[in-house]
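Numbering (our numbering), first residue to last: 384 to 736. Structure first, then comments.
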Ligand code: F6P
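Right, here's the structure in full:
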């Protein structure tokens, strides 16, 4: 058999990247995409390091069966990530298309949230074949019931609330627990529900500080001398008088949040007279091993994504609807964020105060 390179059949090369904030389950997706891509579809798989930044720079790593072995339970991403928006970089698009040509990449599987998939959607319009996989602990991507990473984050919040309950009760304190969620309060609502929070404050519903302090005081006088308040980082008060936040913006124009927990705890202590402490869970919610649910969802997403590439169905995102994995247009998925279901929030309110 003639084994000269030019006589071998051209194998389709597929690039995989992870962009935006990391979350548990990214490696499980990469493993599934690469394994099915190599074994079933005979693709040549190439890892692109650090999201869209790596594609502009030509920062690539070949992916074979060994490089993805043993990564299923690992948090983070073996490919690295960044919050780079190539449409905000001078000549970014040109750099991307020249690297695609140089590395002979025919299609990209982009694993990310609204920002990363927003870029994938724009690149698709520019002629690059993309398939998206919905990732974010925030669960705020449209057209899918769940993003992977969310279930793990909710489990972390639940465990934290269980632990904070015992210390709150021992010291007769109010505990304010700040969780992630800048535009949508999914983590706060589901984590708060599972962890038995006494108040849950979310970006979708501006909160009334008087109502919360009144409720905490009532709890106190009926014998519950401790309270747990869960606040999403993007939550804000109705009157907007006591919140300060950084004005620093990232490449996608998001304000860097964090800190409302401290401001709110001071305000609650001042208004109720009860000793109050704040805990900011921060990036703990994004770290460590994914739950079984997230490992399975990530695996299903990865397999479905590479199947879409094989079928030539580009400009699509894999999505969970009910218990089925389906494909939805990327353009629809990134058109608007998915905010908290108000029926679920009403249910959570049954347990307020
Ligand atoms: O997008 C996911 C997320 O975890 C948000 O909940 C949070 O606001 C943001 O990322 C934090 O970003 P960074 O890791 O850049 O601080």
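Here a beta-carbon is modelled for each residue, glycine too, at the ideal position from N, C-alpha and C.
Buried or exposed: which applies to residue 553, given that a residue is buried once 16 or more other Cβ atoms fall within 10 Å of its Cβ?
Counting from 1 along the chain shown, the entry for residue 553 is found at position 170. Flag for residue 553 reads exposed.
Name, in chain order, the residues that DSSP records as bridge partners for residue 561.
Counting from 1 along the chain shown, the entry for residue 561 is found at position 178. Residue 561 is bridged to 614, 663.
Rounded to whole angstroms, what is the Cα-Cα separation between residue 516 and residue 555?
The residue given as residue 516 occupies position 133 in the chain shown. The residue given as residue 555 occupies position 172 in the chain shown. C-alpha separation (whole angstroms): 45 Å.
Mind listing which residues have their beta carbon within less than 5 Å of any non-hydrogen atom of ligand 1? Chain order is fine.
In chain order, the qualifying residues are 404, 521, 563, 565.
Quick one: is residue 423 buried, meaning 16 or more other Cβ sit within 10 Å of its Cβ, or exposed?
Reading the chain shown from its first residue, position 40 is the one you call residue 423. When all chains shown are included, residue 423 counts as exposed.
My output table needs one value for residue 431: the three-state DSSP class, helix, strand or coil.
If you number the chain shown from 1, residue 431 lands on position 48. In this structure, residue 431 counts as strand in the three-state DSSP scheme.
Please classify residue 725 as buried or exposed, where buried requires at least 16 other C-beta atoms within 10 Å of its C-beta.
Counting from 1 along the chain shown, the entry for residue 725 is found at position 342. Around the CB of residue 725, fewer than 16 other CB atoms lie within 10 Å, so the residue is classed as exposed.
To the nearest angstrom, how far is it from the Cα of residue 538 to the Cα of residue 504?
Counted from its first residue, the chain shown places residue 538 at position 155. Counted from its first residue, the chain shown places residue 504 at position 121. Approximately 31 Å between the Cα atoms of the pair.
Leaving out the 5 sequence neighbours to the left and right, which residues in its chain are closer than 6 Å to residue 608 when beta-carbon positions are compared?
Counting from 1 along the chain shown, the entry for residue 608 is found at position 225. If we look at residue 608 and ignore the five residues flanking it on each side, its Cβ neighbours are 555.
What are the start and end residues of the beta strand (DSSP E) that includes residue 494?
Position 111 of the chain shown holds residue 494. Segment 490–495, the beta strand (DSSP E) holding residue 494.
Could you give the DSSP three-state label for residue 702: helix, strand or coil?
Here residue 702 is taken as the residue at index 319 of the chain shown, counted from 1. In the structure shown, residue 702 falls within a strand segment according to DSSP collapsed to helix, strand and coil.
Which same chain residues end up closer than 7 Å to residue 688 when comparing Cβ atoms and leaving out the 5 residues on each side of it in sequence?
Your numbering for residue 688 matches position 305 in the chain shown. So the list reads 416, 492, 514, 516, 701, once near-sequence residues are dropped.
At least three beta-carbon pairs within less than 8 Å, the segment 702–713 to the segment 420–437
In the pairwise beta carbon analysis, the segment 702–713 is classified as not touching the segment 420–437: fewer than three pairs are separated by under 8 Å.
According to DSSP, is residue 425 part of a helix, a strand, or is it coil?
In the chain shown, the residue the question calls residue 425 occupies position 42. Residue state, collapsed to three classes: coil.
For residue 396, the residue or residues it bridges with in DSSP:
Here residue 396 is taken as the residue at index 13 of the chain shown, counted from 1. By DSSP's assignment, residue 396 forms a beta bridge with 427.
Nonlocal neighbours in the same chain, by C-beta distance under 6 Å from residue 346, ignoring five residues either side
Residue 346 is absent from the structure shown; the chain starts at 384 and stops at 736.
In angstroms, rounded to a whole number, what distance separates the CA positions of residue 530 and residue 509?
As a first step, residue 530 is located in the chain shown; it is residue number 147 there, counting from the start. As a first step, residue 509 is located in the chain shown; it is residue number 126 there, counting from the start. A direct Cα-to-Cα measurement between residue 530 and residue 509 gives close to 26 Å.
What did DSSP end up calling residue 725 once you bin it into helix, strand or coil?
The residue you call residue 725 lines up with position 342 of the chain shown. Helix.
Just reading off the alpha helix (DSSP H) that residue 604 is part of, what are its end residues?
Within the chain shown, the letter at position 221 stands for residue 604. 592–604 is the extent of the alpha helix (DSSP H) around residue 604.
Could you please give me the residues that DSSP links to residue 401 through a beta bridge?
The residue labelled residue 401 in the question sits at position 18 within the chain shown. Paired residues: 494.
Measure the CB-CB distance between residue 414 and residue 685 and report whether it falls below 9 Å.
Reading the chain shown from its first residue, position 31 is the one you call residue 414. Reading the chain shown from its first residue, position 302 is the one you call residue 685. Contact: yes.
Alpha carbon to alpha carbon, what distance is there between residue 412 and residue 485?
Stepping through the chain shown from its first residue, residue 485 is reached at position 102. Stepping through the chain shown from its first residue, residue 412 is reached at position 29. Whole-angstrom Cα-Cα distance: 26 Å.
Limits of the unbroken alpha helix (DSSP H) element including residue 690
For this step, residue 690 is matched to residue 307 along the chain shown. Boundaries of the alpha helix (DSSP H) around residue 690: 675–694.
Is the separation between the beta-carbon of residue 545 and that of residue 598 shorter than 9 Å?
As a working note, residue 545 is residue 162 in the chain shown. As a working note, residue 598 is residue 215 in the chain shown. No, these two residues do not count as a Cβ contact at 9 Å.
If the criterion is Cβ atoms closer than 9 Å, does the pair residue 543 and residue 559 meet it?
For this step, residue 543 is matched to residue 160 along the chain shown. For this step, residue 559 is matched to residue 176 along the chain shown. It is not a contact, given that the beta carbons lie outside the stated cut-off.
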